[in-house]
Structure formats: structure tokens, C-alpha cells
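Asker: Here it is: the structure, laid out below.
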Amino acid sequence: MALAPKFAGQRFTATNAPALHTLELYLDYVCPFSAKMFNTVYSSVVPLIKQKYPSKVQILFRQQIQPWHPSSTLVHEAAVAVLKLEPGKFWEFSKLLWIDDKPASDGSLNIGNAVTNDLKVLVKMNRLVGVHVTPTVIFDGVVENSISSSFTGQQWEEWLEKNVA
């Protein structure tokens, strides 16, 4: 769970790493609303943070596998494989997964592979904080219900100005 910068005294680190606000995005690659939010964040919010808040805000992409969509597991497994092989390409890979996103039928049962255990850990992590629906946004460890998949780049900018000290 993220720690709000105002509680940074609770954190012990051996370095002088800055205390950052943490914006956690719980997204499912099969969810069209997650796609909508990711595309806005990727094209508008990430550049804004790089420009105005580079030492104040970090974004965490939390994979939220929706078990009622068997194909969700497959695409999330592919993303975990990217994390293992080329972690720096994860966000770019995620963007590519949502290009020309069209509903399709779910695939057949997936019996597991080399990233299955990592995927199970991601599911457990999300359950621990009570995330069920996508997209869900958590800011500094607290669910932020005011942010929706319909947030525009401008709304994100206003929200960040209001909430990032």
C-alpha cells in the first residue's frame, strides 16, 4: 500500500529518496472503461506529471484481472511476461494492447504457464486492498471514487493541482 507523503516519517529508508504521492490505477486489459482511463492517463496525465510534478507524483499500474473474462487472464499473463523480460516496456506494451480494442468472445480455459504464480500474486495483492471493479484509482492508499474512466486530461490536471502539494 502507498504511503502519503505527509506520513513519510513512518517510512524508514537507507537513502534520501523523496516521499511521493502515489496514484494507483487498477486496470483490466479487457475492460473498455479501463482502456478509456489508460488512454487518457497515458496521453495526458503522464506528460503532465513529467512536466509539473516529476518529483511529487508516481503512478502505479496495478493489473486487475477480472476472473469472469477468461481472456483477461491471458492478456495479463502476457503483460507479466513483459514485466519479467523488459520491465521498461510495460507501459508501451499496455498501450499496444488497447489499440483497436474491440469486444470479442473469451478464449478457452488457461491451465497455466511460467507466469501463473506471479499472476496469482497480483490477484492476491489487489484483493488485500479490496479492489473489485475496474477501473479503480487509489491515491496515497485511499480509494478515490471521484475519478472515473470519463475523466478528461483537463479534469486530471485540475484534480492533480488540487491534491498534490
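So the sequence shown is numbered by the UniProt record's numbering: it starts at 1 and just counts up by one.
Glycine included, C-beta positions come from ideal geometry on N, C-alpha and C.
1. So, under 8 Å CB-CB, Phe61 and Leu23 are touching, yes? Tell me the CB distance rounded to an integer number of Å.
2. Expressed to the nearest angstrom, what Euclidean distance is found between the alpha-carbon atoms of Thr116 and Glu92?
3. In terms of residue numbering, what span does the beta strand (DSSP E) encompassing Thr136 cover?
4. Since Val164 and Lys56 are thought to touch, with beta carbons under 8 Å apart, how far apart are those beta carbons, to the nearest angstrom?
5. How is Val123 classed by DSSP in three states: helix, strand or coil?
6. Tell me whether Ile49 sits in a helix, a strand or coil according to DSSP, three-state version.
7. Using the beta-carbon count (16 or more within 10 Å), is Ala17 buried or exposed?
8. Can you say whether Gln154 is buried or exposed, counting buried as having 16 or more other CB atoms within 10 angstroms of its CB?
9. Per the DSSP calculation, His21 is bridged to which residue(s)?
10. Count the CB pairs spanning the segment 77-84 and the segment 117-125 that are closer than 8 Å, and state whether there are at least three.
11. How many Å lie between Val75 and Asn126 at the Cα?
12. Flag this pair as yes or no: are the beta carbons of Thr136 and Phe33 separated by less than 8 Å?
13. Does the distance from the C-beta atom of Ser146 to that of Met37 stay below 8 Å?
14. Specify the secondary structure class of Gln63 as computed by DSSP and reduced to three states.
15. Tell me whether Tyr29 sits in a helix, a strand or coil according to DSSP, three-state version.
Answerer: Let's see:
1. Mapped onto the sequence shown, residue 61 falls at position 61. Mapped onto the sequence shown, residue 23 falls at position 23. So it is not a contact: roughly 10 Å between Cβ atoms.
2. Position 116 of the sequence shown holds residue 116. Position 92 of the sequence shown holds residue 92. Taking the straight line joining both Cα atoms gives about 22 Å.
3. For the purposes of this step, residue 136 is taken as residue 136 along the sequence shown, with counting starting at 1. Per DSSP, Thr136 belongs to the beta strand (DSSP E) from Thr136 to Phe139.
4. As a first step, residue 164 must be located in the sequence shown, where it is residue number 164. As a first step, residue 56 must be located in the sequence shown, where it is residue number 56. Yes, Val164 and Lys56 are in contact; Cβ-Cβ is about 5 Å, under 8 Å.
5. On the sequence shown, residue 123 is found 123 positions in, with the first residue counted as 1. Looking at Val123 - three-state DSSP - the assignment turns out to be helix.
6. Start at 1 with the first residue of the sequence shown, and residue 49 comes out as number 49. The answer is helix: DSSP assigns Ile49 an H, G or I state.
7. Along the sequence shown, read from residue 1 onward, the residue named residue 17 stands at position 17. When all chains shown are included, Ala17 counts as exposed.
8. The residue labelled residue 154 in the question sits at position 154 within the sequence shown. Classification of Gln154: exposed, given that the 10 Å Cβ count is below 16.
9. As a position in the sequence shown, residue 21 is number 21, starting the count at 1. Answer is Val57, bridged to His21.
10. Because the criterion of three Cβ pairs below 8 Å is met, the segment 77-84 and the segment 117-125 touch.
11. Translated into positions along the sequence shown, residue 75 becomes position 75. Translated into positions along the sequence shown, residue 126 becomes position 126. If I take the Cα positions, the gap works out to 17 Å.
12. In the sequence shown, the residue the question calls residue 136 occupies position 136. In the sequence shown, the residue the question calls residue 33 occupies position 33. Remark: C-beta atoms of Thr136 and Phe33 do not approach each other more closely than 8 Å.
13. In the sequence shown, residue 146 corresponds to position 146, counting from 1. In the sequence shown, residue 37 corresponds to position 37, counting from 1. Not in contact: Ser146 and Met37 (Cβ atoms no closer than 8 Å).
14. Here residue 63 is taken as the residue at index 63 of the sequence shown, counted from 1. If DSSP states are grouped into helix, strand and coil, Gln63 belongs with the strands.
15. As a position in the sequence shown, residue 29 is number 29, starting the count at 1. Of the three classes helix, strand and coil, the one that applies to Tyr29 here is coil, per DSSP.
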